Every structure is written in structure tokens, then in C-alpha cells.
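Each remark here refers to the structure printed beneath this line.
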Amino acid sequence: MSSGKKGYAHISQLWMECSKRNLLTDPPTLTALGQLRIDPYNQNCLKFVYSKINAFDKREMLHPEPFRKTNPQTKDSISGSINLGVVRHTKTQYGLDPHNLNVHLCVVGRNGGGKTTIIKHILISLLEREKI
């Protein structure tokens with residue numbers, strides 16, 4: 001494989017990485033990627049695109065999207081008499097079956113993520129609806 005073909009294969013990979021991160025909607029990134037199709041070894045454009053990818057990755061690590069799209073396998077797996085909310089992207093209600101509380105419950109999340117609120121909601125639901 002010639003060095004030119006290697007360069008273009010690398011640029012195709014960059015396009016895919018930018019697409020995964022939704023960076024193809026950013027005009028400066030698109031311009032830099034377009035320039036890399038003409039000259040796959042343009043160091044300024046390479047540095048710019050990599051900086052955009054790295055900035056996105058860093059932002060995602062520091063502040064991850066808490067509401068990623070979900071695709072529940074069955075409605076049974078998310079149903080229960082203690083209503084916890086609605087899956088944002090599918091509008092499917094999800095809840096907790098009180099019988100699942102016969103074992104341990106672990107609520108995990110970052111500071112301010114609503115852990116205490118969800119526990120209070122579960123307790124209030126148990127007191128009001130389940131007559132505990």
C-alpha cells in the first residue's frame with residue numbers, strides 16, 4: 001500500500017470518529033476534514049481535528065450524558081407498581097416491583113444526581129400504595 005493510500009484510510013477513520021461524536025455538524029471541523037481529503041498530511045488540520053475529538057472525549061468523561069438512549073428488552077423488565085418515571089426517548093414508564101426490595105437495593109449516582117430523591121419516592125410509594 002502506498003503512503004498516499006495509508007493517509008486516506010486514516011482520514012476515513014477520522015471521519016468515522018468525528019461522526020460518532022456528532023462533530024460533523026461543526027463547520028470548522030468539516031472544513032478541516034475536507035482539507036485533509038485534499039492533503040491527508042496537513043499537520044494543522046490533523047491537530048485541529050484531533051483537538052476536537054480529544055475535547056469531546058474529555059467533556060464526555062467529566063460530564064457524561066446521564067440520559068443516554070435505552071432500549072429495554074421487555075416491558076416486564078421495567079414495570080412495577082412503584083412508578084419511578086418515564087424513559088425519555090421511548091416514553092415507556094418504568095417502575096420497581098416491591099417484591100424486588102426483599103433483597104438489597106443499590107442506588108448509585110454522582111452528587112446531585114437524585115439518589116436521595118428516588119429513595120424517598122420509593123419509601124413514600126411503599127407507605128401510600130403498598131400499605132406497609
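The numbering of the sequence shown is this note's numbering, which starts it at 1 and goes up by one. By construction, the Cβ of each residue, glycine as well, lies at the ideal position given by its N, Cα and C atoms. Treat the numbers as computed from the prediction; the structure is a model and nothing was measured.
May I ask you to report which of helix, strand or coil DSSP gives leucine 96?
Three-state result, leucine 96: strand.
Any heavy atom of the ligand MG inside 6 Å of the beta-carbon of lysine 52?
No copy of the ligand MG appears in this structure; indeed no ligand is present at all.
For glycine 34, which of helix, strand or coil comes out of DSSP?
Looking at glycine 34 - three-state DSSP - the assignment turns out to be helix.
State the start and end residues of the unbroken alpha helix (DSSP H) segment that holds leucine 23.
No alpha helix (DSSP H) holds leucine 23; DSSP gives it neither H nor E.
Excluding the five sequence neighbours on either side, which residues of its own chain have a C-beta within less than 6 Å of the C-beta of methionine 1, listed in chain order?
The predicted position of methionine 1 is uncertain, since its pLDDT is 41 and thus under 50; a value taken from the coordinates is nonetheless stated next. Hits under 6 Å: none found.
Got a sec? Which residues, its chain only, sit under 7 Å from phenylalanine 56 by beta carbon, not counting five neighbours each side?
Closer than 7 Å at the Cβ level, and outside the excluded window around phenylalanine 56, lie Arg21, Leu23.
So does the segment 6-19 actually touch the segment 31-48, counting three or more Cβ pairs closer than 8 Å?
Short answer: they touch.
Excluding sequence positions up to five away, which residues of its chain have a Cβ less than 8 Å from the Cβ of tryptophan 15?
Hits under 8 Å: Leu24, Leu33.
Whole angstroms is fine: what's the gap from leucine 126's alpha carbon to glutamate 60's?
Distance between the alpha carbons of leucine 126 and glutamate 60 is about 36 Å.
Classify cysteine 106 as buried or exposed, calling it buried when 16 or more other Cβ atoms lie within 10 Å of its own Cβ.
Counting Cβ neighbours within 10 Å, cysteine 106 comes out exposed, since fewer than 16 surround it.
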